[in-house]
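Student:
Numbering (mature numbering (1 follows the signal peptide of the UniProt record, and there is no 0)), first residue to last: -18 to -1, 1 to 693.
#1: I'd like the span of the alpha helix (DSSP H) that includes residue 105, first residue to last.
#2: Measuring only the C-alpha atoms, how far is residue 245 from residue 76?
#3: Return the residue from the list 315, 48, 320 and 253 that minimises the CA-CA distance to residue 558.
#4: I need the boundaries of the alpha helix (DSSP H) containing residue 307, first residue and last residue.
#5: Is it buried or exposed, residue 488, if we count other Cβ atoms within 10 angstroms and call 16 or more buried?
#6: Given 8 Å as the limit, is there contact between the region 279 to 293 and the region 250 to 269, that is, 3 or more CB pairs closer than that?
#7: Tell me the start and end of each unbroken alpha helix (DSSP H) in the region 127 to 185 that is at least 4 residues and wholly inside, in chain order.
#8: Would the region 81 to 94 and the region 11 to 24 be scored as touching if the rule is three or more Cβ pairs under 8 Å?
#9: Note down, in chain order, each residue of its chain lying with its Cβ closer than 7 Å to the Cβ of residue 350, except the 5 sequence neighbours on either side.
#10: For residue 705, which three-state DSSP category applies?
#11: Figure out for me which residue from 152, 198 and 189 has the closest Cα to the Cα of residue 174.
#12: At what residues does the alpha helix (DSSP H) containing residue 94 begin and finish?
#13: Using a threshold of 8 Å, state whether the C-beta atoms of residue 326 and residue 284 are closer than that.
#14: Three or more C-beta pairs under 8 Å: does that hold for the region 505 to 519 against the region 129 to 143?
#15: Answer yes or no: do residue 299 and residue 309 have a C-beta to C-beta separation smaller than 8 Å?
#16: With a threshold of 8 Å, are at least 3 pairs of Cβ atoms found where one atom belongs to the region 483 to 503 and the other to the region 340 to 347?
#17: Check each candidate in 439, 165 and 358 and name the one with the smallest Cα separation from residue 467.
#18: For residue 252, report the span of its alpha helix (DSSP H) as first-last.
#19: What residue range does the alpha helix (DSSP H) around residue 515 cover?
#20: Three or more C-beta pairs under 8 Å: does that hold for the region 165 to 172 against the region 95 to 108?
#21: Taking C-alpha atoms, which residue in 355, 247, 131 and 311 lies nearest to residue 698?
#22: What separation, rounded to the nearest whole angstrom, lies between the Cα atoms of residue 229 and residue 328?
#23: With H, G and I counted as helix, E and B as strand and the rest as coil, what does DSSP make of residue 328?
#24: Give the DSSP-derived three-state secondary structure of residue 454 in the structure shown.
#25: How should residue 366 be labelled, buried or exposed, when 16 other C-beta atoms within 10 angstroms of its C-beta is the threshold for buried?
#26: Less than 8 Å separating the beta-carbons of residue -18 and residue 64?
#27: Are residue 449 and residue 406 close, meaning C-beta to C-beta below 8 Å?
#28: Look at the Cβ atom of residue 270, then the Cβ atom of residue 278, and state whether they are nearer than 8 Å.
#29: One question on the structure: do residue 214 and residue 181 come within less than 8 Å of each other, judged by their Cβ atoms?
#30: Please state whether the Cβ-Cβ distance between residue 443 and residue 403 is less than 8 Å.
#31: When burial is assigned at 16 or more other CB atoms within 10 Å of the CB, is residue 303 buried or exposed?
#32: Quick one: give me the first and last residue of the alpha helix (DSSP H) that residue 285 is part of.
#33: Looking at the structure shown, is residue -7 part of a helix, part of a strand, or coil, going by DSSP?
#34: Residues in the same chain with beta-carbon distance under 8 Å from residue 216, minus the five sequence neighbours each way, listed in chain order, please.
#35: Shortest alpha-carbon distance to residue 118 belongs to which of 556, 254, 333 and 469?
#36: How long is the line joining the alpha carbons of residue 207 and residue 142, rounded to whole angstroms?
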């Protein structure tokens, strides 16, 4: 623990500033999972994780992020990602500590955004491209994407961020929803005329700029998905309502070809998105997992669809009845994959349904719950397989055995439900839903003796039934109910934070339509992406249209001016942040966290002191204000105010003495006193007591609804 680390943990700005200006630094250790040459030579001890926790506590402090970094926004996002990685790699030793530190960092970034009081200030903050990956430099407000990649939910859900995301998403259609006639024409262009606009925009990027608006892209994607959904529904139903002829077969094949083209465009779209946001950012949301599964199922279906049209040496499926086909015939595999793909295609509607405020929270909660079930599914599979092996060992010697009662002609045979491990696993799975009864857990030995009496192996049968009962107790009573309770808890957590989850999900969906690859929906993007490649890489044409992406400018003068403006903005935000630590104001436009938490009494710096400019937001400036009526250290030089001397009919010292008051000496100059000049008192009298009269205190206005901390 170094002095700088201790000062950062205590969040002491003055000491941190003092140590940093004198060359102190924090040596940041590598992660526990790091495999570099240095880490391989070092011996991991019990102190390594403790030291890493102390370092992260120091790095996540407000004092360090403000005073020891070049860019507080980028540094905060980087620290948040490191804390998330440490929490996932930790072996349940300091997980809670890392999560608390991450929550503090998220609140800190949200407080920073609250200090941008004007729209242009916040836009300048999120539009800065420094420390942003190159793939984000061509989108508007790249730092919003940086914050979402770092899972900064509170910052993304703040009022400033939501307003900026909405303005970027609507772009030139920001007033969409005000004029119905104009909106109807815009909707018509994005839906009906969308193929023509895409073709026009592909060959002439300066034309067809409707597809440059992210909202128009969103409408176009919904329209094309509805067409894809109709094709997925018509594919199995068209052969049921119409006689199977050559024309019907051609129609079905055309529908399948359109579906495969749509999925190919979807695969291209998601592939570019995967490259742009990275693996962790891509798989951070449930619908991207869903799209990946949909693409792979359609890919297998396309392979089998192509294979069934190939030439066969053994037989021709078109000339042979289905009953003679082998189990692994391409046509059968194609139908199986296509059936699963159509199910997933229809379920994709929930991706767009979560944008609706009424049902969006429920859809998001279901997606969160599905993500938590895979662990319990693996546990259930392990339990089912283990009991299948045990039950199969007991039943295998008694297979194909039967017993008969001669008198009543009762015939009993050993059940074949546990003939193989696969059959046993299948029956144990369906037993979860109550499809197995006690009669299936019996073993039959046979008849023996002169009278052919039935033989019973009681111990074997009892063990068989006990294992079955233990299986039901473990899997159904324990694991299944535990999984249900976990799902209910997860759904409650999402519904409790429904507003935040909805805002973050909406922002993530909005951000997907800002990049150039989303300018056209699949399968039309197959044309647009090729045109983009030709224009950008072969013809070296760069357009300012959002559909194509704006190449970052190479003008060093403009970049330097933008950086200077950004640094000036950070200085202003820092001054406001410091003032907010001393004066906690109330406003519906500010994010308030932990109102009951005790704040630090004051924030001081080495450079603080009396300032000459108006409205000083520091603590010393606050002490100089006339609205302060309470005594504080060093306040006596500004508050030499005495009792008010009433005017007497008999002027002179005698009349004043009779009134019981004192007279100011002749060499006093009360008009030069700044406090007296502001209060307008004509005849102040010096006194050793530094008090204020009731008349003077009544004449000074008091600040209302403001709480000053540290007084």
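Idealized CB from N, CA, C, for every residue including glycine.
Tutor: Reading off the structure:
#1: Segment 101 to 109, the alpha helix (DSSP H) holding residue 105.
#2: Rounded to the nearest angstrom, the two C-alpha atoms are 44 Å apart.
#3: Check the Cα spacing between residue 558 and each of 315, 48, 320 and 253: the tightest is with 48.
#4: It is not in any alpha helix (DSSP H) - residue 307 carries neither H nor E in the DSSP assignment.
#5: Answer is buried; the Cβ neighbour count reaches 16.
#6: Cβ pair count under 8 Å is below three, so no.
#7: Taken in chain order, the complete alpha helix (DSSP H) segments of 4 residues or longer contained in the region 127 to 185 are 135 to 138, 141 to 152, 162 to 173 and 176 to 185.
#8: No, the region 81 to 94 is not in contact with the region 11 to 24.
#9: Excluding sequence positions up to five before and after residue 350, its CB lies within less than 7 Å of the CB of 472 and 476, all in the same chain and listed in chain order.
#10: Because the chain in this structure spans residues -18 to 693, residue 705 falls outside the shown range and cannot be described.
#11: Selected option, being the one with the closest Cα: 198.
#12: Counted as a single uninterrupted DSSP element, the alpha helix (DSSP H) harbouring residue 94 occupies residues 77 to 96.
#13: No. Outside cutoff.
#14: Contact between the region 505 to 519 and the region 129 to 143 is absent, because fewer than three Cβ pairs lie under 8 Å.
#15: Result no, Cβ atoms of residue 299 and residue 309 do not sit closer than 8 Å.
#16: Enough Cβ pairs lie closer than 8 Å, so yes.
#17: When each option's Cα is compared against that of residue 467, the closest is 358.
#18: 228 to 264 is the extent of the alpha helix (DSSP H) around residue 252.
#19: Start and end: 507 to 515.
#20: As far as the Cβ criterion goes, the region 165 to 172 does not touch the region 95 to 108, which means the pair count is below three.
#21: Residue coverage of the chain in this structure runs from -18 to 693, which leaves residue 698 outside it and unanswerable.
#22: Approximately 26 Å between the Cα atoms of the pair.
#23: Residue 328: helix per DSSP, three-state reduction.
#24: Looking at residue 454 - three-state DSSP - the assignment turns out to be helix.
#25: Per the 10 Å Cβ criterion, buried.
#26: No. Outside cutoff.
#27: No, these two residues do not count as a Cβ contact at 8 Å.
#28: Cβ distance not < 8 Å, so residue 270 and residue 278 don't count as in contact.
#29: Residue 214 is not a Cβ neighbour of residue 181, given a cutoff of 8 Å.
#30: Cβ atoms of residue 443 and residue 403: not closer than 8 Å.
#31: Answer is exposed; the Cβ neighbour count stays below 16.
#32: Here the alpha helix (DSSP H) through residue 285 covers 268 to 289.
#33: In the structure shown, residue -7 sits in coil (DSSP, three-state: anything other than H, G, I, E or B).
#34: Answer for residue 216: 237, listed in chain order.
#35: Relative to the Cα of residue 118, the nearest Cα in the group 556, 254, 333 and 469 belongs to 254.
#36: Each residue's Cα considered, the two are about 32 Å apart.
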